[in-house]
Amino acid sequence: MSKKTAQVLPAVDSTAVFKENIFNGKVLFCTGGGSGICKGMTEAVVCRTPNEERLDRLTASAEELSVATGKICLAVQGDVRYPAQLREAVAQTIKKFGRIDFVICGAAGNFLAPISGLSENGFRTVIEIDTLGTYNTIKATIEHLRATKGSYIMVSATLHYRGTPYQIHVSAAKAAVDAASAVLAVEEGPHGVRSNVIAPGPIGGTEGVDRLSTASGSDWGLLSPAGRLGDIRDIANATIFLFSDAASYITGQILPVDGGNMHLGTTQLPYPQAVLDPESVKAEIKSRL
Ligand code: COA
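Here numbering that gives the first Met the number 0 is used: the first residue of the sequence shown is 0, the next is one more, and so on.
Now the structure itself:
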């Protein structure tokens, strides 16, 4: 009998699907845009705007994006846990560009740790970065989003849809982010503001997979209904859609971009071995730090 292989649809570049310049004159404010998923989301939006405006976090990424796209990216160092730093970043953005149309709440912290190996401060730290950081970003930007009738995207996860071992801190933090987006959509909808959540699954080339996953890239092809590991371009394409006018009637929603993985309910760490004997997986986790 011949061996069956997955029918894999590849990730596509946004330029193959979306019209150029659909974000003309728009300004994006992104937290956590220095690397990985958020950098890809920022790049995708920047590529559909004219030759000015927008923002990024780290200077290196901002310069890289500027060179690659010919657009202006303003890098502002800040910690989303501190409202004053966010207000300063927003003030610098407004001073330079005069407006903010899109906000990506993407700054996040993560590491693998069982409850028995996670201190109260470790739990609080992730809640502060993900949940409070998202709230602080909303507070710092909302008046500008009302002015432009703009749109938010929160970067969440799918792991809190079930009990994912070693992720109590992130699960609690992202569940709160999902809830915050829904309230934001309801309260600010009448002011013309939309808010949606993108919930990435395993995405190649990101810390989430490189450092936090115990599966290798080729394993994901076997594990995923989509037959492959996710690509940052998959998240970028969802970002463009949700920010675009094509999604003007979509708000308060959560869009998993995960190749269907959430429906499988598998755990990456061996279960129950990882919770009965954390020492047995310690080397595997540490090797990725
Ligand atoms: N396992 C268990 N606890 C951990 C941990 C791990 N791997 N990493 C951090 N912690 C705990 C620390 O021990 C500390 O608690 P304690 O004071 O009780 O010892 C608490 O978390 C805060 O850690 P600290 O390093 O002081 O906080 P920070 O604000 O400097 O950084 C993170 C926090 C989450 C940003 C940091 O862990 C980190 O740099 N992670 C990698 C980057 C990242 O998360 N990127 C996003 C990927 S999705």
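We put the beta carbon where it would ideally sit given N, CA and C, even for glycine.
Note that this is a predicted model, so its numbers are computed, not measured.
Can you tell me which residues form a DSSP beta bridge with residue i?
{"i": "C29", "result": "I103"}
{"i": "V154", "result": "I197"}
{"i": "L254", "result": "I197"}
{"i": "G229", "result": "I202"}
{"i": "L268", "result": "Per DSSP, none; premise fails for L268."}
Can you grab the Cα-Cα spacing for the pair residue i / residue j, in whole Å?
{"i": "F22", "j": "S118", "result": "44 Å"}
{"i": "Q267", "j": "K173", "result": "19 Å"}
{"i": "T238", "j": "K3", "result": "34 Å"}
{"i": "P9", "j": "R227", "result": "8 Å"}
{"i": "E51", "j": "N120", "result": "Here the model assigns E51 a pLDDT of 40, short of 50, so the residue's position is not dependable, and the following value carries that caveat. Cα-Cα distance, rounded: 41 Å."}
{"i": "A139", "j": "V280", "result": "41 Å"}
{"i": "P82", "j": "A88", "result": "10 Å"}
{"i": "V66", "j": "F101", "result": "22 Å"}
{"i": "V256", "j": "K95", "result": "33 Å"}
{"i": "V7", "j": "G229", "result": "11 Å"}
{"i": "T30", "j": "A90", "result": "14 Å"}
{"i": "G97", "j": "T250", "result": "25 Å"}
{"i": "K70", "j": "P189", "result": "32 Å"}
{"i": "A245", "j": "P277", "result": "47 Å"}
{"i": "E62", "j": "V44", "result": "16 Å"}
{"i": "P49", "j": "G32", "result": "Per-residue confidence for P49 stands at a pLDDT of 48, beneath the threshold of 50, marking its modelled position as unreliable; the derived number appears in the next sentence. About 20 Å."}
{"i": "E187", "j": "T147", "result": "12 Å"}
{"i": "F110", "j": "F122", "result": "10 Å"}
{"i": "S247", "j": "R210", "result": "36 Å"}
{"i": "P201", "j": "L222", "result": "11 Å"}
{"i": "G258", "j": "V208", "result": "14 Å"}
{"i": "P269", "j": "Q166", "result": "14 Å"}
{"i": "N195", "j": "L241", "result": "7 Å"}
{"i": "L275", "j": "V26", "result": "49 Å"}
{"i": "I93", "j": "E142", "result": "12 Å"}
{"i": "L64", "j": "S34", "result": "11 Å"}
{"i": "F17", "j": "I197", "result": "18 Å"}
{"i": "A5", "j": "V185", "result": "41 Å"}
{"i": "I284", "j": "S60", "result": "28 Å"}
{"i": "M261", "j": "G24", "result": "37 Å"}
{"i": "L288", "j": "A171", "result": "Any answer about L288 is weak, because its pLDDT of 41 lies below 50 and its placement is not dependable; what the coordinates show is given next. When rounded, the distance between both Cα atoms is 22 Å."}
{"i": "R53", "j": "S243", "result": "Confidence at R53 is low in this model, with a pLDDT of 38, below 50, so the placement of that residue should be treated as unreliable; the coordinate-derived value is given next. Roughly 16 Å between the two C-alpha positions."}
{"i": "D55", "j": "D12", "result": "Confidence at D55 is low in this model, with a pLDDT of 47, below 50, so its placement is unreliable and no value can be given for it."}
Out of the options, which one is the CA nearest neighbour of residue i?
{"i": "V75", "options": "A67, G69, Q84 and T68", "result": "Q84"}
{"i": "E206", "options": "D78, A106, S279 and Q6", "result": "A106"}
{"i": "P271", "options": "P201, P113 and M40", "result": "P113"}
{"i": "T265", "options": "W219, V176 and L183", "result": "W219"}
{"i": "M40", "options": "T58, I103 and S243", "result": "I103"}
{"i": "A175", "options": "Y134, K25 and L27", "result": "Y134"}
{"i": "G77", "options": "L64, T58 and K148", "result": "T58"}
{"i": "T136", "options": "F17, G259, R123 and M153", "result": "M153"}
{"i": "G203", "options": "R232, V26, V185 and I197", "result": "R232"}
{"i": "A179", "options": "I253, L221, Y248 and F242", "result": "I253"}
{"i": "C72", "options": "F28, S194 and F242", "result": "F28"}
Is it true that the CB of residue j sits closer than 8 Å to the CB of residue i?
{"i": "I14", "j": "C37", "result": "First, the residue type needs correcting, since residue 14 is Thr and not Ile in the sequence shown. The answer is no: Cβ separation not under 8 Å."}
{"i": "V125", "j": "H159", "result": "no"}
{"i": "E42", "j": "A235", "result": "yes"}
{"i": "A273", "j": "P164", "result": "yes"}
{"i": "A156", "j": "P224", "result": "no"}
{"i": "D129", "j": "G108", "result": "yes"}
{"i": "E127", "j": "R80", "result": "yes"}
{"i": "Y151", "j": "L131", "result": "no"}
{"i": "L144", "j": "V192", "result": "yes"}
{"i": "I99", "j": "G149", "result": "yes"}
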